[in-house]
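Comments concern the structure below.
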Amino acid sequence: MASPRLTRKPKIDSLALSGLDDLDAEVMAAYETVEFGRFDDVELVSRDLSGITLTDCELTGVTVEDVEWNGSRIFDTVLTSVTAPRMSLPRSSVRNVRINGSRIGAFDLFEGKVRSLVIEGSKLGLVNLRGSDVRDILFRDCVIDELDLSEATVARMAFENCTLTSLEVHQAKLSDVDLRGLSVETMRHLDGLRGVTIDNEQSLRFAAHFAAHLGVRIE
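Position one of the sequence shown corresponds to residue 934 (the working numbering), numbered consecutively onward.
Right, here's the structure in full:
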């Protein structure tokens, strides 16, 4: 009998920014391309940044409010200490991005494409990946209220020392989604959990959920 395959970890690309120029936030505009820029302590308020491309950029101490990033492309970029009631990036592409020490109310990446994303030391309300194509994403030391993976295709997602209030996986297609580093309170639509890895303690904690889903009584 063949040995069971181990859960594969996210493949996170290396990222080392250099040769950056200090830029003013005014260079950021809809459908513009910004490369090798450093932005410190900037406020992005009531802006339309739809279709913008950010490549090899560093954004630190950024306040985001009422900004549309629809269809944007963010590649090889680091965002640190971002404060935003909502980050709206529907149908956007994110590749090799780091988000550190940030507070984001709603992080909307639905119907997008995500490759090699690390979110660390951050507090997030809703992380909306509904309908997205996601590969290689790592959450580390994060507090998350809700993670929505409905109708998403996700490969190689992992958590390290994270807490999550609610996980939604309705009609999700998951593979190598590792929940062992995650403390999660509630999971909805358990039929979407195929492809998820949990540990023994988690399996006991969710025994009642699994039984209810299968129509099994525990007496």
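Glycine included, every Cβ here is placed at the ideal spot set by N, Cα and C.
Just the Cα atoms here: how many angstroms apart are Leu1059 and Thr1119? 14 Å
Which stretch, first to last residue, makes up the alpha helix (DSSP H) that contains Glu1154? No answer is possible for residue 1154: the residues shown for the chain start at 934 and end at 1152.
Hey, out of Val1102, Asp1081 and Leu1062, whose CA is closest to Val1047's CA? Leu1062
Taking the alpha carbon of Val1076 as the reference point, which residue from Ser1116, Ser1136 and Lys1106 has its own alpha carbon closest? Ser1116
Starting from Ala1039 and walking both ways along the beta strand (DSSP E), at which residues does that stretch end? Arg1036 to Asp1041
Measuring only the C-alpha atoms, how far is Ile985 from Asp1111? 32 Å
In chain order, what residues of the same chain lie with their CB nearer than 6 Å to the CB of Glu1093, ignoring the 5 residues before and after it? Arg1073 and Gly1114
Please go through the same chain and pick out, in chain order, the residues whose beta-carbon is closer than 7 Å to the beta-carbon of Ala945, but skip the five residues on each side of it. Here the sequence assigns Ile to residue 945, which means Ala is not the residue at that position. Answer for Ile945: Ser1049, Val1051, Asp1069 and Leu1071, listed in chain order.
Minimum C-alpha distance to Arg1036 - residue among Ser1026, Ser1014 and Gln1104: Ser1014
Quick one, are the C-beta atoms of Phe972 and Ala962 less than 8 Å apart? no
Using the C-alpha atoms, what's the distance from Leu1012 back to Leu982? 16 Å
Whole angstroms are fine: how far does the CA of Leu977 sit from the CA of Met934? Bear in mind that the predicted position of Met934 carries a pLDDT of just 47, short of 50, making it too unreliable to give a figure here.
Just reading off the beta strand (DSSP E) that Ser979 is part of, what are its end residues? Glu976 to Asp981
Give the secondary structure of Gly970 by DSSP, where H, G and I count as helix, E and B as strand, and everything else as coil. strand
Candidates Leu1080, Thr1086 and Val1087, of which the one nearest Thr1096 by Cα: Leu1080
State the beta-bridge partners of Gly1108 as determined by DSSP. The sequence shown places Ser at residue 1108, rather than the Gly named in the question. DSSP lists Ala1088 as partners of Ser1108.
First and last residue of the beta strand (DSSP E) that includes Thr1119? Leu1115 to Arg1121
Can you tell me whether Pro949 is helix, strand or coil according to DSSP? Reading off the sequence, residue 949 comes out as Ala, not Pro. Correct three-state label for Ala949: coil.
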